[in-house]
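With the numbering used here applied, the sequence shown covers 3 to 490.
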Amino acid sequence: MQLTDQTIHQLAQRLASGEITSVELTEAFLQRIEMTNQEINSYISICPDEALVDAAAADKRLAEGTGELLTGIPLALKDIFNSEGLRTTCGSKILDNYIAPYDATVVAKLKQRGAVILGKLNMDEFAMGSSNENSAAGPVRNPWDNGRVPGGSSGGSAAAVASRQAVATLGTDTGGSIRQPASHCGVVGLKPTYGRVSRYGVIAYASSLYQVGPVGRDVEDCAIMLGSVAGYDPADSTSVNTPVPDYRATMKDGITGKKIGLPKEYFIDGLDPAVKHAIDAAIESYKALGAEIVEVSLPHTDYAVACYYLIATAEASSNLARYDGVRFGVRKDEGEGLIGMYQRTRAAGFGDEVKRRIMLGTYALSSGYYDAYYLKAQKVRTLIRQDFLDAFEQVDLLLTPVAPTPAFKIGEKVDDPLQMYLSDIFTIPVNLAGTCGLSLPCGISREGLPIGLQLIGKPFAESEILQAAWAFENATDWNGRFPELAAD
Ligand code: GLN
C-alpha cells in the first residue's frame, strides 16, 4: 500500500514508531498533488515550503515523544478558513488577493496538534453550490469519473481525500456541503451539531446554518478529526460549552438494540434506482448488526428546500455586504465616486450564483416582504426542527440517502438552479434542525459511481452516529475503494 493511501490512524502509528518521517510523508503527498491536481483541480493553493517546515517541526516533536495523533499528518483545508499568511479566496474573484492575517480557531487547533497543512482546497464561491462549478478557480472533477462533478460546496475537500492528495480535510456544511460531496466521492464526511465546532475565522455565508466538519478516508479518521477541532471557543458566541467526548473510545461499541428510523418522506419516487438499491441493502446490513428498524415521519420535509433558500439567501445578503472593496479584497475604482466603486467592485468580484443569492436574500429581507418570507421561513424552520425532535423520541438515529442520485455530469444542472437546489433535499433539513449528520459509502452504481448513506443523530450525539457508521463500515466492504486517476 502506498503511503498516500493510508488513514490517519495507520500513519500515526508508523510516525510514532519512527518507521517513517513526516517529511517523507509530506513529500509523498506533495508529489501526488503535483501528479494529479491538473486532472482533479481540487487545490486552489498548494504550500510546499510551509508544509515541509511544519513536517520537520513535527518530526522533531515525534522524536522527543511529545507527538499527538495528528502530529506530522498532512491535511488540507477548504479555502474558506482563514489561515495565517496563506491566500484565502473562498472560491471568489473578490478575495483573489486576500492573504489571511490570522488563523481560524480550527486551523490553530490543527497546527497546535502538529498537523501539516498542504494547501487550500477548491470550493463553490462563498460555499454556494452543490457541484463545485461555481468557483473562480474552475470546476473540480470527480476522481471516479472526471466528466462528473464531485458535489459541493466542499468539492475540493472530498475530491482531495478520494484522490489521496491529503490524508483528511476540513470542509463546511450549510445545507449538505460536506455530506453530499463525501457521498459523490466515496469518502466519509461529518457535519457536527450547530455549536459543536468553533467558526471563528471561517468566512461566513449563512451563519445560522453552517458547521465545520471533517472529510476522511474512514469513520475512525473522522472521529479523530472531529475530536481534534471540536469544543467551546470564547471567540465564537454560537459555540456551545459542553465537553467533547472521546469519539474514538466509544466508536466500536456496536449498535445492538439501537432503534434506527427511516423517515418515510425520504424514500420518494424520484430516488435513483441505484441509490434505492444501495440504501435498501444498507438497511438489511443494519438489521443483521442487531439494530431495530422502524418507519418514522418528518411531516414538514416538503418545505425544507424553500425554507432553506429563504433563510440562507437572507443571511448571505447580510454577510456579503462587507465585500465592498474598502478594507480588503479586490477593488475596482476606475471611474467616479464611492458608490460607483462599490458597484464596480461587486459587479466584477462576485459570480452569477452569488449575485443571484444576494438579490433573492435582499428581496426576502426588504420591508413589506420580511414578514411574508423571512419571518415565515423562520417559523417553518421551527416546525422542521420539531419534526426531528419528535422522531428522536421514538428512535436513536435516522437513516436516509445523502443525495437523490450519484454524481451528475459537469454542466448538466448549471442552467437550472432549481434542479441544482433539489440535489440537497435530504441534507438541508439537518442544517435547519441544527443537528448532526454523517455520510458514508454504501454502494457503487452501475457506472462505477459511489453512493452514500446518511446517518442523522440527536443534537450533540455525534458519538452515536460514529458508532453506527463504524459498525456498518466494518461489516461491509464499501470502504477503502479508490478511484483510478489518469496518473495511476
Ligand atoms: N448546496 C447548498 C447551497 O448551495 C449547500 C451549500 C453548503 O452547504 N455550503 O447553499
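Backbone N, C-alpha and C fix where the C-beta goes; we use that ideal spot for every residue, glycine too.
Considering only the beta carbon of each residue, do residue i and residue j sit closer than 8 Å?
i: L120; j: S159; result: no
i: P76; j: V169; result: yes
i: P265; j: L228; result: no
i: G67; j: I430; result: no
i: L322; j: I360; result: yes
i: F352; j: Q167; result: no
i: G61; j: T23; result: The sequence given here has Asp at residue 61, not Gly. Cβ atoms of D61 and T23: closer than 8 Å.
i: G191; j: R181; result: yes
i: T258; j: V217; result: no
i: I386; j: A435; result: yes
i: Y202; j: D248; result: no
i: S44; j: S165; result: yes
i: V221; j: L468; result: yes
i: N393; j: V307; result: Strictly speaking, residue 393 in this sequence is Ala, with Asn absent from that position. No, they are not a contact pair.
i: Y305; j: V382; result: yes
i: I46; j: I35; result: no
i: G157; j: P183; result: yes
i: L64; j: A18; result: yes
i: D223; j: I42; result: no
i: A129; j: P145; result: no
i: A237; j: V246; result: no
i: T437; j: F474; result: no
i: M253; j: A276; result: no
What's the call for residue i, buried or exposed, on a 16-neighbour Cβ count within 10 Å?
i: R329; result: exposed
i: M125; result: buried
i: T494; result: Outside the shown range of the chain, which is 3 to 490, sits residue 494, and nothing can be said about it.
i: T73; result: buried
i: I458; result: buried
i: L420; result: exposed
i: Q8; result: buried
i: N243; result: exposed
i: I281; result: buried
i: S319; result: buried
i: P485; result: buried
i: S465; result: buried
i: L97; result: buried
i: A489; result: exposed
i: D426; result: buried
i: R324; result: exposed
i: E21; result: exposed
i: G153; result: buried
i: L27; result: buried
i: V151; result: buried
i: M3; result: exposed
i: V296; result: exposed
i: L340; result: exposed
So, under 8 Å CB-CB, residue i and residue j are touching, yes? Tell me the CB distance rounded to an integer number of Å.
i: V55; j: F83; result: Contact doesn't hold; Cβ gap of about 19 Å is too wide.
i: A290; j: Y376; result: Rounded, the Cβ-Cβ distance is 46 Å, inconsistent with contact.
i: T174; j: A208; result: That pair is no contact at about 10 Å.
i: K95; j: V332; result: 6 Å
i: Q388; j: F428; result: With a Cβ gap of about 19 Å, Q388 and F428 do not count as contacting.
i: G188; j: S155; result: Their Cβ separation, rounded to whole angstroms, is 18 Å, which puts G188 and S155 out of contact at 8 Å.
i: A88; j: A102; result: The question names Ala, yet the displayed sequence has Leu at residue 88. About 6 Å; that satisfies the 8 Å criterion.
i: K357; j: S133; result: Actually they do not touch by this definition, with Cβ atoms about 17 Å apart.
i: S210; j: R115; result: Not quite, the Cβ-Cβ distance comes to about 29 Å (not below 8 Å), so this is no contact.
i: E127; j: E355; result: 7 Å
i: L536; j: P403; result: What is shown of the chain runs 3 to 490, which leaves residue 536 out entirely.
i: G363; j: T347; result: Not confirmed; about 19 Å, so no contact.
i: S185; j: A471; result: Actually they are not in contact, since the Cβ atoms of S185 and A471 sit about 13 Å apart, beyond 8 Å.
i: Y365; j: Y372; result: With 8 Å as the limit, Y365 and Y372 do not qualify as a contact, their Cβ atoms being about 10 Å apart.
i: C309; j: A379; result: 5 Å
Whole runs of the alpha helix (DSSP H) within the stretch 222–309, excluding any shorter than 4 residues
249–252, 275–290
Any chance the stretch 285–295 sits against the stretch 331–346, with 3 or more Cβ pairs inside 8 Å?
no
Evaluate contact between the stretch 446–457 and the stretch 406–413, counting only Cβ atoms and requiring at least three cross-stretch pairs below 8 Å.
yes
Cβ contact check for the stretch 434–444 and the stretch 469–482: 3 or more pairs under 8 Å:
yes
Alpha helix (DSSP H) runs contained entirely in the stretch 395–468, provided each spans 4 or more residues:
419–424, 430–435
Could you give the uninterrupted runs of the beta strand (DSSP E) lying entirely in the stretch 37–108, keeping only those of 3 residues or more?
45–48, 76–80
Within 8 Å, do at least three Cβ pairs link the stretch 129–145 to the stretch 99–114?
no
Taking contact to mean 3 or more Cβ pairs, one atom from each stretch, closer than 8 Å, check whether the stretch 390–404 and the stretch 245–263 are in contact.
yes
Quick one: complete alpha helix (DSSP H) runs, 4+ long, within the stretch 306–337?
306–321
My parser needs the beta strand (DSSP E) runs of 3 or more residues fully inside the stretch 153–216; what are they?
170–175, 190–193
Report the start-end ranges of each beta strand (DSSP E) in the stretch 105–134 that is 3 residues or longer and not cut off at the edges.
118–123
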